[in-house]
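*Asks:* Pasting in a structure now, in structure tokens, and then I'll have a few things to ask.
Number of protein chains: 2
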Amino acid sequence: MIIKNARILTMTEENPFLDGYDIKIENGVICEIAKDIPVQCCEVIDAHSKLVLPGFVNTHTHASMVFARNYANDLNLQDWLFNYIFPAEDKLTLEDCYWFSLAAQLEMISGGTTTCSDNYFFMDATVNAAEVSGIRAQLARSVSGISDPDCKKLKEAVEFCKRNNGVFNSRITTTISPHSIYTSDEAYLRKVLTEAQKLSLGINMHLSETATEVNDCYAQRGVSPIKYVKDLGYFDVEGPLVGAHCVHLSDEDISILADHNVSVASNLTSNLKLASGILPMDRLLKAGVNVSLGTDGASSHNRLSLMNELRLASILFKGLYQDPAVLPAKDALRLATVNGARALGLNNLGTITVGAKADIILISTQSLNMTPVNDPYASIAYSSCESDVDTVIIDGTVVMKNREFTGVDVENVKYEVKKRTERILGGC
Amino acid sequence: MIIKNARILTMTEENPFLDGYDIKIENGVICEIAKDIPVQCCEVIDAHSKLVLPGFVNTHTHASMVFARNYANDLNLQDWLFNYIFPAEDKLTLEDCYWFSLAAQLEMISGGTTTCSDNYFFMDATVNAAEVSGIRAQLARSVSGISDPDCKKLKEAVEFCKRNNGVFNSRITTTISPHSIYTSDEAYLRKVLTEAQKLSLGINMHLSETATEVNDCYAQRGVSPIKYVKDLGYFDVEGPLVGAHCVHLSDEDISILADHNVSVASNLTSNLKLASGILPMDRLLKAGVNVSLGTDGASSHNRLSLMNELRLASILFKGLYQDPAVLPAKDALRLATVNGARALGLNNLGTITVGAKADIILISTQSLNMTPVNDPYASIAYSSCESDVDTVIIDGTVVMKNREFTGVDVENVKYEVKKRTERILGGC
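Residue numbers (my numbering), protein chains in the order written: chain A, 1 to 428; chain V, 1001 to 1428.
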């Protein structure tokens, strides 16, 4: 496959912008970037009037939660989770989660996301959905001690990793995901850690999301959630480490994250909407912590647009710190691409370079909101809409072209989501 | 015209939600809302699977500034305005402003905005554009003392109002717009006030946008910008009063706004992006000030999506105040509709009621991001994309249907914008 006449935002330091170049893809990998590559019996994608960049990486979501989109609003996280979400989740089946995951993955792709990190349950259904949608995903069967007295679910999580890590030409990777410190006791968290160590996998967990979580941890243990899991040995595992949310952080917490190469999956919209707060972006970036972007589930966002997170990141901190030079468009785009790839330990991802995985999006500049462009980075960070994403390539396969999915009946997916939501939430 | 089978978010207190109703429109006005209205020789719009609500009201923009979209980013307002924007504006012609205004109006319409308040210059071009786009607009020739030593521009502004107030079946109204207190001296501001009084028109001006503006005002005059213009008599005029931005407000300022029925046009994205700050939404709403939403110009936003402002308003303050019950979806939608109409003194606008102007939008619920709906208000505030806006009716005329403009060649508009931008900004 060759992408012709591309205006490329490579997201590399050396050659950040290439105008009028072609990109050649073979076996899911970018094998050449040059002017006028000869076209020989291969698929050609015309990138005229489009901006070409690495696909967005969504480092924290729960795809199956689309059923609860806009269900139970305007509540704080603890109330929302324990009194509304957990009871509704008890009604979910494996087949529900297939359809919900598939809808979520398609929604993400349609907004330019090519990779997501997803932890939930019935994750075999999510793997099956990823086979169909074509999305790249790092998946975990989420576990928590309060709902796993006999460690059956932890065993499930381990088996899930063994069965699925590296499938679909390594498009699926796996990780270990204890939900949080407030849904597991110390003994359970130690068991989870042991399994991660045995598998040489990373850990992805909710950390310091709310003031309640942090205050309770100090009250019960005298330390912050981050210090607590660090002392347990969580940050000494081999695989990539992701702390989701990380809203309420002390300076010591930030030093720990930086020293142990723990990436942060910020979820700006979710944290605002659920009134959890705003993470200290300035202190995190200054300390050299790898900050990436996540959407959280559609139930707390309430949509799965990484582009929206990118837009919010690019404006929020300028206003909050009253400094217009904070997170310029190009840096904000790094959060959405290279930083996300690094967070998930996928180092051959997140840039347009020879040897990188061919996860590429083409963003049209033909809409009114993209006219005129003036600055390609700023036009994506500040002006683009999800509907400007024209073509999405993942692992060298075109999964969306001219905004049409190539291999899925979307109408059927939506039908299944609506029907199953009605059963679960009772015709909301 | 009849809209059939509508799920209506009326934005009224009494009957907020009507399911399966028809809306009959005659002479640009809603004349009946009932079930099963007979269809007799009239245009029928099928609202099946769509949410029907009043069009959004954008209470502060500068439409012609689309040419500077994503030009000169990451600067503070004063630097951006005086060193980049003002010099570029010197190159603008009347014809440029026609095409830029038209593009901006179409962009607004395509995201569900049916009314905008726009102050800039070459405003006759903006009136001509509004004739073509079909948008409802409250317009002003913006004036400032520093660029108007002989009051020629003020005279222009007055003549503009006389010529255009009430044209196109009252779709165009006019107002008086002194740019700000920092671009005019007191003598000039008094002259502007006199003209507003003579014309019995309202005043719409930038107020307390940055800390610099407020601090300078205190240093020079010992009072805040709001107290200063109040003491000049600005808030005693007959017409509607709009303070744009109002980011930095004392408690006294807020009391003045409330007591004098001055509406606030908040511009959340612009204020964040230009690092001006975040307006005190909690104190404003508590004091009963009428807060509405604006996009500002595309040069500082950098797009003209009121839906984006609605989304931002609905999440930002929950997170900032760490209270998830702040501005529930329905209240946020009020900012975008009824409050906007009230700000502009257009009291027959902003609700779906018999007797109201037929400014109506149909939002599709068929996209992945709107599936499932669960809660109609929340689905619009939190989950919708601009591309979900399917049909836009303004003053009883369908200006966009199935996302196609009914009376404009959009390709030509974009061509003109690109060509003219290249001349002005030099091929950015």
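Virtual Cβ for every residue (Gly too), placed ideally from N, Cα, C.
Quick one: Cα of K1050(V) to Cα of K1004(V), how far?
*Replies:* 11 Å
*Asks:* Leaving out the 5 sequence neighbours to the left and right, which residues in its chain are closer than 6 Å to Y120(A) when beta-carbon positions are compared?
*Replies:* H62, S64, S142
*Asks:* Please name the residue or residues paired with K1050(V) in a DSSP beta bridge.
*Replies:* In the DSSP secondary-structure assignment, K1050(V) is bridged to S1364(V).
*Asks:* Per DSSP, what kind of secondary structure is R1342(V) in: helix, strand or coil?
*Replies:* helix
*Asks:* By the three-class DSSP mapping on this structure, what secondary structure does P1178(V) have?
*Replies:* strand
*Asks:* Just the Cα atoms here: how many angstroms apart are I1025(V) and T1012(V)?
*Replies:* 18 Å
*Asks:* How far does the alpha helix (DSSP H) with A140(A) in it reach, from first residue to last?
*Replies:* That residue, A140(A), is in no alpha helix (DSSP H); its beta strand (DSSP E) goes 136-143.
*Asks:* Once you ignore the five residues that flank G1345(V) on each side, which residues in its own chain have a CB closer than 7 Å to its CB?
*Replies:* G1202, G1239, P1240
*Asks:* Return yes when at least one heavy atom of the ligand ATP lies under 6 Å from the C-beta of H245(A), else no.
*Replies:* With respect to small molecules bound, the structure shown includes none, and the ligand ATP cannot be examined in it.
*Asks:* Since V1398(V) is in the beta strand (DSSP E), which residue starts that stretch and which ends it?
*Replies:* 1397-1401
*Asks:* Which one or two residues does DSSP pair with A244(A) in a beta bridge?
*Replies:* By DSSP's assignment, A244(A) forms a beta bridge with H206(A), A265(A).
*Asks:* Give me, in chain order, the residues of the same chain whose beta-carbon lies closer than 8 Å to that of V398(A); leave out the 5 immediate sequence neighbours on both sides.
*Replies:* M1, E43, I45, T391, V392, T406
*Asks:* Taking the alpha carbon of D22(A) as the point to measure from, which residue in E14(A), S314(A), K414(A), A47(A) has its own alpha carbon closest?
*Replies:* A47(A)
*Asks:* Do we get a CB-CB distance below 7 Å when we pair S101(A) with the residues of chain V?
*Replies:* no
*Asks:* Using a Cβ-Cβ cutoff of less than 6 Å, which residues in the same chain neighbour D253(A) once the five nearest sequence positions on both sides are dropped?
*Replies:* Hits under 6 Å: S224, I226.
*Asks:* Comparing C-alpha positions only, which one of R1303(V), D1124(V), Q1322(V), Y1415(V) sits nearest to L1268(V)?
*Replies:* R1303(V)
*Asks:* Would you call the segment 263-283 of chain A in contact with the segment 228-237 of chain A, where contact means no fewer than 3 C-beta pairs closer than 8 Å?
*Replies:* At 8 Å Cβ cutoff, the stretches do not touch.
*Asks:* In chain A, which residues lie with their C-beta within 7 Å of the C-beta of R1069(V)?
*Replies:* P372, N374, S383
*Asks:* Short check: CB of S1314(V) to CB of A1329(V), under 7 Å?
*Replies:* yes
*Asks:* Around the C-beta of N215(A), are 16 or more other C-beta atoms found within 10 angstroms, so that it is buried, or is it exposed?
*Replies:* exposed
*Asks:* Only counting runs of 3 or more residues, tell me where the beta strand (DSSP E) segments fall wholly within the segment 1090-1124 of chain V, in order along the chain.
*Replies:* 1113-1120
*Asks:* Measure the Cβ-Cβ separation of V1417(V) and W1099(V) and say whether it is below 7 Å.
*Replies:* Closer than 7 Å, so yes.
*Asks:* So A129(A) and L102(A) are in contact, right, with Cβ under 8 Å, and what is the actual spacing, rounded?
*Replies:* 4 Å
*Asks:* Strictly below 9 Å CB to CB, what residues from chain A border K1418(V)?
*Replies:* T371, P372, V373
*Asks:* Using the beta-carbon of each residue, which ones in chain V are nearer than 9 Å to L106(A)?
*Replies:* L1368, listed in chain order.
*Asks:* 7 Å is my cut-off, CB to CB: does N302(A) come that close to chain V?
*Replies:* yes
*Asks:* S1184(V) and G1145(V): beta carbons closer than 7 Å?
*Replies:* Yes, the pair counts as a contact, with Cβ atoms nearer than the cut-off.
*Asks:* Could you tell me whether any Cβ in chain A is nearer than 7 Å to the Cβ of A1332(V)?
*Replies:* no
*Asks:* Counting along the chain, where does the beta strand (DSSP E) carrying F1056(V) start and finish?
*Replies:* Segment 1056-1061, the beta strand (DSSP E) holding F1056(V).
*Asks:* Assuming V1237(V) contacts E1195(V) under a Cβ cut-off of 8 Å, what Cβ separation, rounded to an integer in Å, is found between them?
*Replies:* Contact doesn't hold; Cβ gap of about 10 Å is too wide.
*Asks:* Tell me, please, whether the CB atom of S1049(V) is closer than 7 Å to any CB atom in chain D?
*Replies:* Judged by its chain identifiers, the structure shown contains no chain D, and its protein chains are A and V.
*Asks:* Of all the residues that make up the segment 304-320 of chain A, which are near chain V by a beta-carbon distance shorter than 9 Å?
*Replies:* L304, S305, N308, R311, L312, S314, I315, L316, F317, K318, G319, L320
*Asks:* Measuring only the C-alpha atoms, how far is A1343(V) from V1242(V)?
*Replies:* 6 Å
*Asks:* What does a CB cutoff of less than 6 Å around F1056(V) pick up in its chain, not counting 5 residues either side in sequence?
*Replies:* G1112, T1113, L1306, A1336
*Asks:* Cβ atoms of T210(A) and L77(A): under 7 Å apart, would you say?
*Replies:* yes
*Asks:* From the beta carbon of N58(A), is the nearest beta carbon of chain V less than 7 Å away?
*Replies:* no
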